[in-house]
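**Student:** Okay, handing you the structure first.
There are 2 protein chains.
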Amino acid sequence: MNATQQVSRPTTDPPIDCAEFSAVLERLLSAWRRLAVPGELSPTAAFTLSRLARDGSSRLTDLANSEHVTQPAMTQLISRLEAQGLAERFRDADDARVVNVRVTAAGETLVASRRAARAAKATELLAALPAAQQAALAMALPALEALAEVSAR
Amino acid sequence: MNATQQVSRPTTDPPIDCAEFSAVLERLLSAWRRLAVPGELSPTAAFTLSRLARDGSSRLTDLANSEHVTQPAMTQLISRLEAQGLAERFRDADDARVVNVRVTAAGETLVASRRAARAAKATELLAALPAAQQAALAMALPALEALAEVSAR
DNA sequence: TATTGTTATACTCTATAACTATA
DNA sequence: TATAGTTATAGAGTATAACAATA
Numbered sequence: 557m558n559a560t561q562q563v564s565r566p567t568t569d570p571p572i573d574c575a576e577f578s579a580v581l582e583r584l585l586s587a588w589r590r591l592a593v594p595g596e597l598s599p600t601a602a603f604t605l606s607r608l609a610r611d612g613s614s615r616l617t618d619l620a621n622s623e624h625v626t627q628p629a630m631t632q633l634i635s636r637l638e639a640q641g642l643a644e645r646f647r648d649a650d651d652a653r654v655v656n657v658r659v660t661a662a663g664e665t666l667v668a669s670r671r672a673a674r675a676a677k678a679t680e681l682l683a684a685l686p687a688a689q690q691a692a693l694a695m696a697l698p699a700l701e702a703l704a705e706v707s708a709r
Numbered sequence: 557m558n559a560t561q562q563v564s565r566p567t568t569d570p571p572i573d574c575a576e577f578s579a580v581l582e583r584l585l586s587a588w589r590r591l592a593v594p595g596e597l598s599p600t601a602a603f604t605l606s607r608l609a610r611d612g613s614s615r616l617t618d619l620a621n622s623e624h625v626t627q628p629a630m631t632q633l634i635s636r637l638e639a640q641g642l643a644e645r646f647r648d649a650d651d652a653r654v655v656n657v658r659v660t661a662a663g664e665t666l667v668a669s670r671r672a673a674r675a676a677k678a679t680e681l682l683a684a685l686p687a688a689q690q691a692a693l694a695m696a697l698p699a700l701e702a703l704a705e706v707s708a709r
């Protein structure tokens, strides 16, 4: 039967154990959750604000979809962020039904400080790894970036 | 002053941009969070159950600490998992105050099916990357694993 | 007296359903 | 009539404080 011979996949034999990769990512996510800056922001709020800071303003509905929460939940989340002075609504010029959201200066400051805090933790954790593993991560950085990109849909 | 010469770090010059790495990881985790298997389990419940399945039984207090929730919150979470037949309490032989928790067979089944679902998603997403990037991720897998390990404290 | 866990209570966040305004 | 968003209400999950049992 020649089952040992890969059939019609020239060079694309699975070079990576997807289940293993998925499991590792889950553990990383679990760990990340724990070193999240406590207090101030809920996970969804943090990701939403971070996204607004990264990608610019966005429609309320789009935010709801991309964070996988309902429209009413996002309405309330944005209201909370607005009350905290971290984000603000503005009407759409073309369609009066639409509500756009953008981060405020205070929001950007907060996002930046949270990022800095996480980067500091990351520095500390990465320093605990042997140089070879650090190098492997450095080499995989573009791939991780690409994966985040394709996963963001 | 010779500031350009690294002082006492022979070969461990930062081989990786920690801020960049942290930012990418944040995006990746944000995306990963959304493709979590929906419904049934809260994030904390899922992580707790997954941990029990991976590392074996654990004290209630340790679970609370490792998931960064309070003891009462973990008490209730375990009660919920117990009511769903996914985990169970058992008393400690040495110390009658202690409550240990373990996953049930049903719990293991659920964890396994969730893992499989995520692995399937991972397979799909990874397949969208060029072979070179897949290879880079495969090479970085042990390092990611080690990072998850050191982050778990 | 300290530690382990539970119960009581209140608050935050989210979902579903019903509603308003605009297209 | 469909779409964008809000309001109303209820439920899940968590925290703080007070408590019970054991060490």
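Sequence order for the protein chains is A and B. All letters in the first sequence, in the order written, are residues 557 to 709 by the numbering used here. All letters in the second sequence, in the order written, are residues 557 to 709 by the numbering used here. Quick reminder that beta carbons are idealized off the backbone N, C-alpha and C, glycines included. Only a predicted model underlies this, so the values are computations on that prediction, with no experimental measurement involved.
Decide if the region 685-693 of chain A is in contact with the region 691-709 of chain B; the criterion is three or more beta carbon pairs, one per stretch, under 8 Å apart.
**Tutor:** Proximity of the region 685-693 of chain A to the region 691-709 of chain B meets the contact definition, three or more beta-carbon pairs being nearer than 8 Å.
**Student:** Relative to the C-alpha of leucine 605/A, which candidate in Gly663/B, Arg583/B, Ala691/B has its C-alpha closest?
**Tutor:** Out of Gly663/B, Arg583/B, Ala691/B, the CA that lies nearest to the CA of leucine 605/A is found in Arg583/B.
**Student:** Check each candidate in His624/A, Thr679/A, Ala643/A and name the one with the smallest Cα separation from asparagine 656/A.
**Tutor:** Ala643/A
**Student:** Classify alanine 694/B: buried if its beta carbon has 16 or more other beta carbons within 10 angstroms, exposed otherwise.
**Tutor:** buried
**Student:** Could you work out which residues of chain A lie near serine 671/B, taking near to mean beta carbons separated by less than 9 Å?
**Tutor:** Going by the sequence as given, residue 671/B is arginine instead of serine. Residues of chain A passing the Cβ test: Ala575, Ser578, Ala579, Glu582.
**Student:** Using a Cβ distance threshold of 8 Å, determine whether the region 607-616 of chain A contacts the region 660-669 of chain A, with at least three qualifying pairs required.
**Tutor:** yes
**Student:** In this structure, how does DSSP classify glutamine 562/A when only helix, strand and coil are distinguished?
**Tutor:** Low confidence applies to glutamine 562/A: its pLDDT is 42, below 50, so where it sits in the model is not reliable, and the reading given next is rough at best. In the structure shown, glutamine 562/A sits in coil (DSSP, three-state: anything other than H, G, I, E or B).
**Student:** Quick one: what's got a C-beta closer than 6 Å to phenylalanine 646/A's C-beta in the same chain, skipping five residues either side?
**Tutor:** Here the set comprises Asn656.
**Student:** What does the alpha-carbon distance come out to for the pair aspartate 650/B and asparagine 621/B?
**Tutor:** Between the alpha carbons of aspartate 650/B and asparagine 621/B lies a gap of roughly 21 Å.
**Student:** Which residue wins for smallest C-alpha separation from glutamate 680/B, given the options Leu585/A, Arg709/A, Ser614/A, Asp618/A?
**Tutor:** Arg709/A
**Student:** Identify the continuous alpha helix (DSSP H) that holds arginine 607/A and give its terminal residues.
**Tutor:** 599-611
**Student:** What in chain B is Cβ-close to alanine 692/A, meaning under 9 Å?
**Tutor:** Within 9 Å Cβ-Cβ: Ala692, Met695, Ala696, Leu697, Pro698, Ala699, Leu700.
**Student:** Rounded to a whole number of angstroms, what is the C-alpha to C-alpha distance between alanine 601/B and leucine 703/B?
**Tutor:** 23 Å
**Student:** Output, in chain order, the set of chain A residues within a Cβ distance shorter than 7 Å of isoleucine 634/B.
**Tutor:** Near isoleucine 634/B there are no residues of chain A at all, since even the closest Cβ is about 17 Å away, more than 7 Å.
**Student:** Can you have a look at glutamate 623/A and say buried or exposed, based on whether 16 or more other CB atoms are within 10 angstroms of its CB?
**Tutor:** buried
**Student:** Give, in chain order, every residue of the region 635-656 of chain A whose Cβ lies closer than 7 Å to some Cβ of chain B.
**Tutor:** none
**Student:** Taking Cβ-Cβ distances shorter than 9 Å, what residues in chain A pair up with proline 628/B?
**Tutor:** Residues of chain A passing the Cβ test: none, with the nearest at roughly 17 Å.
**Student:** Less than 8 Å between the C-beta atoms of alanine 575/B and alanine 675/A, yes or no?
**Tutor:** yes
**Student:** Considering glutamate 540/B, what are the terminal residues of the alpha helix (DSSP H) in which it resides?
**Tutor:** Coverage of chain B is limited to positions 557 through 709, which leaves residue 540/B absent and any answer about it impossible.
**Student:** Chain B partners of serine 598/A, CB-CB under 9 Å?
**Tutor:** Here the premise fails: no neighbours, minimum Cβ distance about 11 Å.
**Student:** Would you mind sorting glutamine 562/B into buried or exposed? The rule is 16 or more other CB atoms within 10 Å of its CB.
**Tutor:** Caution is warranted here: a pLDDT of 42 is assigned to glutamine 562/B, below 50, making its placement in the model unreliable, and no coordinate value can be reported.
**Student:** Apart from the five residues just before and just after glutamine 690/A, which ones in its own chain have a Cβ nearer than 7 Å to its Cβ?
**Tutor:** Result list for glutamine 690/A: Leu682, in chain order.
**Student:** On the criterion of 16 or more Cβ atoms from any shown chain inside 10 Å, does serine 598/B qualify as buried, or is it exposed?
**Tutor:** exposed
**Student:** Looking at leucine 585/A and leucine 585/B, is the spacing between their C-beta atoms short of 8 Å?
**Tutor:** yes
**Student:** If we ignore side chains and look at the alpha-carbon of each, how far apart do valine 706/A and alanine 678/B end up?
**Tutor:** Annotation: valine 706/A to alanine 678/B spans about 11 Å, alpha carbon to alpha carbon.
**Student:** Considering only the alpha carbon of each residue, which of Glu638/B, Leu616/B, Ala639/B, Val654/B lies closest to proline 628/B?
**Tutor:** Leu616/B
**Student:** Determine the closest residue to aspartate 648/A out of Arg658/A, Leu637/A, Arg671/A, with distance taken between C-alpha atoms.
**Tutor:** Comparing Cα positions, the closest option is Arg658/A.
**Student:** For valine 654/B, count neighbouring C-beta atoms within 10 Å of its own C-beta (all shown protein chains included) and say buried if the count is 16 or more, exposed if not.
**Tutor:** Flag for valine 654/B reads exposed.
**Student:** Along the chain, where does the alpha helix (DSSP H) containing alanine 629/A start, and where does it finish?
**Tutor:** 627-639
**Student:** Distance check for glutamine 632/B and alanine 711/A, CA to CA, integer angstroms please.
**Tutor:** Since the displayed chain A opens at 557 and closes at 709, residue 711/A lies outside it and no answer follows.
**Student:** Starting from alanine 708/A, trace the beta strand (DSSP E) both ways and give me its first and last residue.
**Tutor:** Note, alanine 708/A: premise wrong, no beta strand (DSSP E); not H, not E.
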